[in-house]
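Residue numbers (the numbering used here): 506 to 882. Backbone N, C-alpha and C define an ideal beta-carbon position, used for all residues, glycine too. First comes the structure, then the notes that go with it.
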C-alpha cells in the first residue's frame with residue numbers, strides 16, 4: 506500500500522467506489538456519476554472496472570439517461586460473463602433490463618429481467634435486496650402489460666424479499682407498483698393505503714423526485730374518484746417540492762393535474778392559467794408522456810371554455826404523440842376524453858368513432874405507465 510501512489514492504491518480506489526455506491530443510496534446520482542467518471546479514467550483491475558461501470562450506469566439510469574448506461578453495461582457484462590462473476594452478472598442483467606424498460610421496450614426488458622433472475626437462482630445467490638429489485642422490475646412489466654392480478658402477486662413476492670433486509674427504497678418502490686395495480690382492479694382503499702406507505706418512506710429518505718411521483722399517482726387516483734380537493738393538494742405539494750430541485754420531466758404532469766383538479770371544481774379561469782403554465786413547462790421537458798398528459802388536460806380545459814378549435818388541436822397533439830408510445834391505455838384515455846368533447850359538441854359521428862377507438866385501444870391495454878416509476882431503476 507505504501508509503495509503505491511495514494512490516489513492509485515487499491516484501498517483508495519475501493520474507497521472511492523464505496524463512496525459512489527453510498528451516494529446512490531443517498532439519492533445523489535450526479536455526485537456518483539462524477540466520482541465514477543474520474544475513477545474509470547484511471548487504469549483499474551478488471552473486477553474494479555466492471556463494478557465501477559455498473560455503478561456509473563446505475564447513476565445514469567437514475568438520471569434518466571439509459572442511452573448512456575447501455576454501452577457501459579454491455580462492456581461490463583462481457584467481462585463478468587468471462588470471469589463467471591455470478592453476483593455481478595445478476596445485477597448487470599437487471600440493470601440492462603432497466604435500460605430497455607426506460608426506453609419503452611418491455612419485451613426486451615423482460616428477457617433481461619428473466620436472465621437476471623435465472624442467474625440469481627442458478628448461482629444460489631443469497632441477496633434479498635437484489636432479489637427484491639429483480640422481482641419488482643418483473644412485476645412492473647405485468648403492470649404495464651395490463652395484467653394487474655399477476656402484478657399484485659409479483660409485487661407481493663418482491664415485498665416479502667425486500668422486507669427481509671429493510672431495503673427501504675426498494676420497498677417503497679414496490680409499494681408504489683402494488684398501489685397502482687390495486688387501483689387497476691378497483692381496490693382504491695388498499696391502493697391509497699400502499700401509496701401512502703410508499704410516500705412516507707420516500708419522504709424519510711428525502712427522495713424528492715419519488716415523493717413527487719407518488720403524489721402524482723395518488724392525486725390521479727383521487728381525481729378519478731371525484732375527490733378533486735384532495736387531489737389538488739397532492740399535486741400542489743409535489744409541484745412545490747420539484748420546483749426546489751429544478752426537476753423538469755415530472756413537473757408538467759403535476760401542474761396539468763392541478764389544472765384538471767381546478768376544472769373538476771369548475772374553476773375555469775384558474776384551470777386555464779395552470780394549463781398554460783404546464784404547456785410552458787413542456788419546453789424544458791423531454792418526456793413524451795408529459796406531452797400527452799399536458800395536451801390531454803389542455804384539450805379538456807379548452808373544451809370547458811368553449812374553445813373548440815383549441816380543444817381539437819390539443820387532443821390531436823396528444824394522440825399524435827400517444828401513438829408513438831407502446832401504451833394502449835394512454836391512447837384510450839386521450840381518445841375517450843376527445844370523444845366526450847365531440848359528443849358534447851354535437852358531432853355524433855366523430856364521437857362514436859372515437860369511442861370505438863378508445864374501446865379497442867383499451868382492450869389491448871397496458872396501464873398508465875406514465876404514473877409508474879422504474880422501482881429503483
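Following a CB-centred definition, is residue 742 positioned closer than 7 angstroms to any heavy atom of the ligand COA? Ligands displayed in this structure: none; no statement on the ligand COA is therefore possible.
Residue 571 versus residue 605 - alpha carbon distance: 8 angstroms
Classify residue 748: buried if its beta carbon has 16 or more other beta carbons within 10 angstroms, exposed otherwise. By the 10 Å Cβ count, residue 748 comes out exposed.
Counting only the same chain and skipping the five closest in sequence on each side, list residues whose C-beta sits under 6 angstroms from that of residue 790. 753, 754, 757
Quick one: using the 10 Å Cβ neighbour count with 16 as the cut-off for buried, is residue 838 buried or exposed? buried
Alpha carbon of residue 596 to alpha carbon of residue 608, nearest angstrom: 19 angstroms
Give the C-beta separation of residue 800 and residue 822 to the nearest angstrom, bearing in mind that I take them to be a contact with Cβ-Cβ under 8 angstroms. 5 angstroms
Thinking residue 542 and residue 561 are a contact (beta carbons under 8 angstroms), I'd like their distance in whole angstroms, please. 7 angstroms
Is residue 588 buried or exposed, if buried means 16 or more other CB atoms sit within 10 Å of its CB? By the 10 Å Cβ count, residue 588 comes out exposed.
For residue 829, name the three-state secondary structure that DSSP assigns. coil
Are the CB atoms of residue 532 and residue 540 within a distance shorter than 8 angstroms? no
Do the CB positions of residue 829 and residue 863 come within less than 8 angstroms of each other? Against a cut-off of 8 angstroms, the Cβ pair of residue 863 and residue 829 comes out as no contact.
Are the CB atoms of residue 693 and residue 683 within a distance shorter than 8 angstroms? no
For residue 537, which option in 547, 526, 546, 545 has the closest C-alpha, if you only look at C-alpha atoms? Closest by alpha carbon: 526.
To the nearest angstrom, how far is it from the Cα of residue 637 to the Cα of residue 777? 43 angstroms
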